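J.: When we follow this note's numbering, the leftmost residue of the sequence shown carries the number 9, and every step to the right adds one. Positions of the beta carbon are idealized from the N, C-alpha and C atoms, including for glycine. Keep in mind the model is a prediction, meaning the values are calculated, not measured. Got a structure here, written out as structure tokens. Questions coming.
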Amino acid sequence: QKASDLIQLKPHESFTRTVAVSLRGANLSSIVDERGVAVDIPIDFEEKDLEKKAKSIVEAILSGF
């Protein structure tokens, strides 16, 4: 997947963190601004990896605070 085909995320000014999560292996770092972070979580991960993948998303969200 190419992130260049996607629009730049421009959240409301009061938002402190934007998290773009790719389920298809796309690098979404080019669509988030300085408040944003991109996380790649392949949709075909194994159930044993669920906790690790969920933790990655939560850490990305919390890193803005």
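Would you check if there are 3 or more beta carbon pairs closer than 8 Å linking the region 22-34 to the region 59-72?
T.: Touching, yes, given that three or more Cβ pairs across the two stretches are closer than 8 Å.
J.: Counting C-beta neighbours from all protein chains within 10 Å, is the total for V66 16 or more, i.e. buried, or is it exposed?
T.: With fewer than 16 Cβ atoms within 10 Å of its Cβ, V66 is classed as exposed.
J.: Tell me the rounded alpha-carbon separation between E42 and L36.
T.: Those two C-alpha atoms are separated by around 13 Å.
J.: Give me, in chain order, the residues of the same chain whose beta-carbon lies closer than 8 Å to that of E55; leave out the 5 immediate sequence neighbours on both sides.
T.: Correct list: empty, nothing qualifies.
J.: Rounded to the nearest angstrom, how far is the Cβ of I49 from that of K63, given a contact under 8 Å?
T.: In fact, because the Cβ distance is near 11 Å, the residues do not count as touching under 8 Å.
J.: Here's a check: name, in chain order, each residue in its chain whose Cβ is nearer than 6 Å to the Cβ of Q16, leaving out the five neighbours to either side.
T.: If we look at Q16 and ignore the five residues flanking it on each side, its Cβ neighbours are I39.
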